[in-house]
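The numbering of the sequence shown is full-length UniProt numbering, which starts it at 1 and goes up by one. For each residue, glycine too, the CB sits at the ideal point set by N, CA and C. Everything below concerns the one structure shown next.
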Amino acid sequence: MTYQTINPYTNTLVRSYPDAGNSDLEDALARGHALYKHWRGGQADLRSKILHGVARLMGEDRTRLSGLITMEMGKRISESQAEVDICISIADYFADHAEELLKPTTLETDTGHGHVVKQALGVLIMVEPWNFPYYQIMRVFAPNFILGNPMILKDASNIPACAQAFADIVERAGAPKGSLSNLRMDYGQVDKAIADRRVAGVALTGSERGGSSVARSAGEHLKKSTMELGGNDVFIVLDDADMSEVARLAPDARLGNTGQVCCASKRFIVMESKYDEFMDIMTEAFAKPKPGDPSDPATTLGPMSSVGARDNLQKQVDAAVDAGAHVAYGNERLDSPGAFFQPTVLTDIAPDNPVYDQEMFGPVAAVYKVESVREALDLANDSSYGLGSVIVSGDPERAERVAEGIETGMGFINGPWTTAPGLPFGGVKNSGFGRELYTYGFDAFANEHLILDESGR
Numbered sequence: 001m002t003y004q005t006i007n008p009y010t011n012t013l014v015r016s017y018p019d020a021g022n023s024d025l026e027d028a029l030a031r032g033h034a035l036y037k038h039w040r041g042g043q044a045d046l047r048s049k050i051l052h053g054v055a056r057l058m059g060e061d062r063t064r065l066s067g068l069i070t071m072e073m074g075k076r077i078s079e080s081q082a083e084v085d086i087c088i089s090i091a092d093y094f095a096d097h098a099e100e101l102l103k104p105t106t107l108e109t110d111t112g113h114g115h116v117v118k119q120a121l122g123v124l125i126m127v128e129p130w131n132f133p134y135y136q137i138m139r140v141f142a143p144n145f146i147l148g149n150p151m152i153l154k155d156a157s158n159i160p161a162c163a164q165a166f167a168d169i170v171e172r173a174g175a176p177k178g179s180l181s182n183l184r185m186d187y188g189q190v191d192k193a194i195a196d197r198r199v200a201g202v203a204l205t206g207s208e209r210g211g212s213s214v215a216r217s218a219g220e221h222l223k224k225s226t227m228e229l230g231g232n233d234v235f236i237v238l239d240d241a242d243m244s245e246v247a248r249l250a251p252d253a254r255l256g257n258t259g260q261v262c263c264a265s266k267r268f269i270v271m272e273s274k275y276d277e278f279m280d281i282m283t284e285a286f287a288k289p290k291p292g293d294p295s296d297p298a299t300t301l302g303p304m305s306s307v308g309a310r311d312n313l314q315k316q317v318d319a320a321v322d323a324g325a326h327v328a329y330g331n332e333r334l335d336s337p338g339a340f341f342q343p344t345v346l347t348d349i350a351p352d353n354p355v356y357d358q359e360m361f362g363p364v365a366a367v368y369k370v371e372s373v374r375e376a377l378d379l380a381n382d383s384s385y386g387l388g389s390v391i392v393s394g395d396p397e398r399a400e401r402v403a404e405g406i407e408t409g410m411g412f413i414n415g416p417w418t419t420a421p422g423l424p425f426g427g428v429k430n431s432g433f434g435r436e437l438y439t440y441g442f443d444a445f446a447n448e449h450l451i452l453d454e455s456g457r
């Protein structure tokens, strides 16, 4: 596997990186397993202090870290800075709540009194994507570092500088060697690591295809896993929606990070009485962003992560149009060496259209008109994905009922998809299984160990 930094704004090679060898993997496994054994004796207080140190160093290095994101995958600099900020909050959250999260649960039963203590499982493999280079790592790293699970990271091949920067900060904060080993592995080495008896689990965020392969390997070797995969999320506009709120929410729900967010709104389902106004909102809003240097704070449209990603999206849009979809706005090639894609609005996507049940990972919105809430729910659930949803309505209780009827792991009412360390993240169906963040993410790779005292029975 080739690990390279290619600036998507200029489409120029910045640097190539050497791959990890099998000896590097063995060294990481040995260090991680030894650290797991050492950490079983406790030291959560020390890990909490170190994790606070990671947060502090990220804050001190915010300018450089955010610049690396923008250079490697094209994210606009303001969004890159926001990503660093959420990582800081996640690290501080798990450091602050370590004692509470590790507190044993007391049990009193007819057979005795006891408790359940949360213990580490062992070395974890992390397979992470490129769209949020630090955030995706931090979601897994922070809770598992507190718990005492050493980690081996296989990151995306187009963001090697970001992955190394994260690992360097962990080391600078005082984490023991083996806490987080950043290895530029191929998927054969990932499978080899999962099969190793020293590995206890694997956490993957990525594509449905990648998740299926890694989950299969984990299942074969009876290793615990969490899979955070793709999404084809809905944004539903009910007939009592405040359209000024829709105008505030809908465009950003699709265009954030140049549309490259698994839980971004991709399918916009609009009640008939609001449809024409909604189309005016979207076409006007999608015409405003102009391509530019993502490191310039004034830029309103950054490139996609790579020319290859842009070309794949173009093939999807072309296939959709060939099958009868209507281009309401956009789909014009932009004259630039970079990986730019014009924001595009599609309508008239029939169920037999090839993109009907595909995730379009870029600035493309698919808009559907419906006549009833029942039709909206049926359309929302007619998907192999189940990550998140947004419902906009003047009646929050009604919106909540609609949200509960959608087969997803997350639902948001009168507001955009959002993330915070105190909110669980994850989906159902082909969007994966398991949860990250909050207590659910902490427990994902914990051995919930029952100790029962039956003396005197």
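For Val-123 and Leu-46, the rounded distance between their alpha carbons: 19 angstroms
Runs of alpha helix (DSSP H) lying entirely within the stretch 315 to 384, each at least 4 residues, in chain order: 373 to 381
Neighbourhood of Gly-148 by C-beta distance below 8 angstroms, restricted to the same chain and skipping five residues each side: Tyr-36, Trp-39, Arg-40, Gln-43, Ala-44, Arg-47, Gln-119, Ala-120
Residue 490 burial status per 10 Å Cβ neighbour count (16 or more: buried): Absent from the model: residue 490. The displayed extent of the chain is 1 to 457, so no value can be given.
Assigned exposure category for Arg-435 - 16 Cβ within 10 Å defines buried: buried
Buried or exposed (CB count within 10 angstroms, at least 16 for buried), Ser-389: buried
Environment of Val-14 [buried if 16+ CB atoms lie within 10 Å]: exposed
Start-to-end residues for the alpha helix (DSSP H) that takes in Phe-94: 77 to 96
With 16 other Cβ atoms within 10 Å as the buried cut-off, status of Met-151: buried
Same chain, Cβ closer than 8 angstroms to Leu-437, five either side skipped, listed in chain order: Ile-90, Arg-139, Pro-143, Thr-419, Ala-420, Pro-421, Gly-422, Leu-423, Pro-424, Phe-425
Exposed unless 16 or more other CB atoms sit within 10 angstroms - verdict on Met-1: exposed
Lys-274 (DSSP reduced to helix, strand or coil): helix
One or two residues paired with Pro-291 in a DSSP bridge: Leu-301
Own chain, CB closer than 6 angstroms to Leu-204, minus 5 neighbours either side, in chain order: Val-127, Gly-211, Val-214, Met-227
Test item: CB-CB of Ala-376 and Ile-281 under 7 angstroms: no
Beta carbon of Gly-53 nearer than 7 angstroms to that of Ala-173: yes
Beta strand (DSSP E) segment containing Asn-182, residue limits: 180 to 182
Buried or exposed by the 16-neighbour rule on C-beta atoms within 10 Å, applied to Glu-72: buried
is_contact[Ala-250, chain B] using C-beta, thresh 7 angstroms: Judged by its chain identifiers, the structure shown contains no chain B, having just a single protein chain.
Through-space distance from Val-270 to Leu-153, alpha-carbon basis: 41 angstroms
Neighbour-count burial assignment, Pro-129, 16 or more Cβ in a 10 Å radius: buried
N-terminal and C-terminal residue of the alpha helix (DSSP H) that Gly-201 is part of: No alpha helix (DSSP H) contains Gly-201, which is instead part of the beta strand (DSSP E) from 199 to 205.
Distance CB(Ile-137)-CB(Val-202) smaller than 7 angstroms: no
Within 7 angstroms, strictly: CB atoms of Thr-5 and Ala-241: no
Exposure of Arg-197, with buried meaning 16 or more beta-carbon neighbours within 10 Å: exposed
Contact under 7 angstroms by Cβ, Gly-59 with Ile-88: yes
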